[in-house]
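The block underneath contains the structure these notes are about, expressed in structure tokens.
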Amino acid sequence: MKRVCRFAAVVLLLGACLARPAAAVRSSSEVRQVDARQLMRMVESAYEDLMRASQLTGGRLDPKAARNRPFWSALDRMGRSVEEVGTALRARDPRFFQSLERGSVALGELRVIRARSGATAPEVDRSLGLLASSYRLLRRSYGSEAARHQRGGALSESERQRFERIQAAQRDFAARLEVLRRKAEERRDRATVTELNRLIAEAYRIASAPLTLDSYLNALIAADEMRGEWVGNRFYAEPADKADWVAASQVVEELHVEAEVGHLFVMELGKVGDWSQLDEPAELPAATEAETGAPAVQIFVPVEEAPAEGVEIFESVVDEETGVVSEPFDEGVASEENVEEAIPAPEATAETPVEEAGEETVVFEEEVIEEEDLPIEGVEPEP
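Under the numbering used here, read the sequence shown as residues 374 to 756, first letter to last.
If you want it as structure tokens, here you go:
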């Protein structure tokens, strides 16, 4: 209880600042800034609020009910990730960066499972939105990608090639998801269709992004949350579609491997290890996802186009060597053809409540999603 009280002021600071309109925050001379340790305290406090809210839902998220076991398992894994990140940060342990990446996976899984739980719990959604906003700000401001972004410059040849492989894998992933979506539509499984729509749009968005440093770093961050989102959705896989889910899972593993290698090179090129970067201030975002009704699955778009999402996207900059300015990614081209026609807008239903808290899990340490890992009808997932 004492710990919650200590963090309360920090959370109120974040909440008060995030509640302001975006334009007001940008134009104000009183923009709130925090460092890595303050953000970490916000993350920890938001998780404690989420845990407490989840326990006080009047039985709607009863941990003893089989349907709620995936949620409580994901919540527990997110808690372990938060603890690992906080411990490494305070000890200035280099494992902080990898723990931060694994936490993004845990967050993606938790958000999807919460969205599909079907339980009405606005306080849970509010706390989850605050957790997501503060955790993403911590990741984009102090993760390995931030160090690489600060270094700047164009993509190296190895980075460019890796990005192209990631984009090819994302196109393959989207194609496999479209097969699953058609089957879900035939069954009138609106919950699964909604989740697949978001994953497909996200995959095409990354696959169509320009070959710039900003887009590359965004793709690495997206890969972590997408892995968590996919794992969260597999709990609800239709047994008849098992082969298609396994095939898509293989592509997820390819993306995971490429992202892991990318993280390692980012840490090297970004000269991660200069802990003074953790003392550099970061500006709080303009609004929480809880206040803007962000979707259950994160779609990574430029901040200028969707500031309410609360997801950091590195903005394009002028290339110092060529003087060329990278143009913002055109939202009108989210797929190779036309995402407006290929991907209908997701529809909120009673089965798939749009998270008021926002969406974009636990990390599986070197776990490969094998065929036997997919849930089988009549068999409860392990906690």
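The beta-carbon is built from N, C-alpha and C at its ideal position, and this holds for glycine as well.
Beta-carbon separation of residue i and residue j under 8 Å?
i, j, result
"isoleucine 554", "isoleucine 573", "Reading the sequence as shown, one finds arginine at residue 554 and not isoleucine. Yes. Within cutoff."
"alanine 655", "leucine 412", "yes"
"isoleucine 539", "glutamate 631", "yes"
"arginine 512", "serine 477", "yes"
"arginine 487", "leucine 501", "yes"
"valine 416", "serine 507", "yes"
"glycine 601", "alanine 479", "yes"
"histidine 522", "leucine 586", "yes"
"alanine 582", "alanine 592", "yes"
"leucine 423", "leucine 510", "no"
"asparagine 606", "glutamate 568", "yes"
"alanine 461", "arginine 468", "yes"
"leucine 628", "alanine 409", "no"
So, is residue i buried or exposed, given that buried needs 16 or more other C-beta atoms within 10 angstroms?
i, result
"alanine 549", "A small correction: the amino acid at residue 549 is arginine; alanine does not occupy that position in the sequence shown. It is buried - the Cβ of arginine 549 has at least 16 other Cβ atoms within 10 Å."
"glutamine 471", "buried"
"arginine 561", "exposed"
"alanine 616", "exposed"
"threonine 493", "exposed"
"tryptophan 603", "buried"
"glutamate 474", "buried"
"glutamate 653", "exposed"
"arginine 414", "buried"
"glutamine 543", "buried"
"lysine 437", "exposed"
"glycine 516", "buried"
"alanine 464", "exposed"
What is the DSSP secondary structure of residue i, counted as helix, strand or coil?
i, result
"cysteine 378", "A caution first: cysteine 378 carries a pLDDT of 46, below 50, which makes its placement in the model unreliable, though a value can still be read off. Helix, per DSSP."
"glutamate 656", "strand"
"alanine 595", "helix"
"glutamate 611", "coil"
"aspartate 435", "coil"
"arginine 524", "helix"
"threonine 430", "coil"
"proline 583", "coil"
"proline 490", "A small fix is needed here, since residue 490 is serine in this sequence, not proline. Of the three classes helix, strand and coil, the one that applies to serine 490 here is coil, per DSSP."
What is the residue span of the alpha helix (DSSP H) that residue i lies within?
i, result
"aspartate 466", "Element bounds for aspartate 466: n/a, residue is neither H nor E."
"glutamine 650", "Unbroken run through glutamine 650: none, as it is neither H nor E."
"glycine 502", "495-515"
"serine 531", "530-559"
"arginine 563", "563-580"
Which partner residues of residue i appear in the DSSP bridge assignment?
i, result
"glutamine 406", "Glu656"
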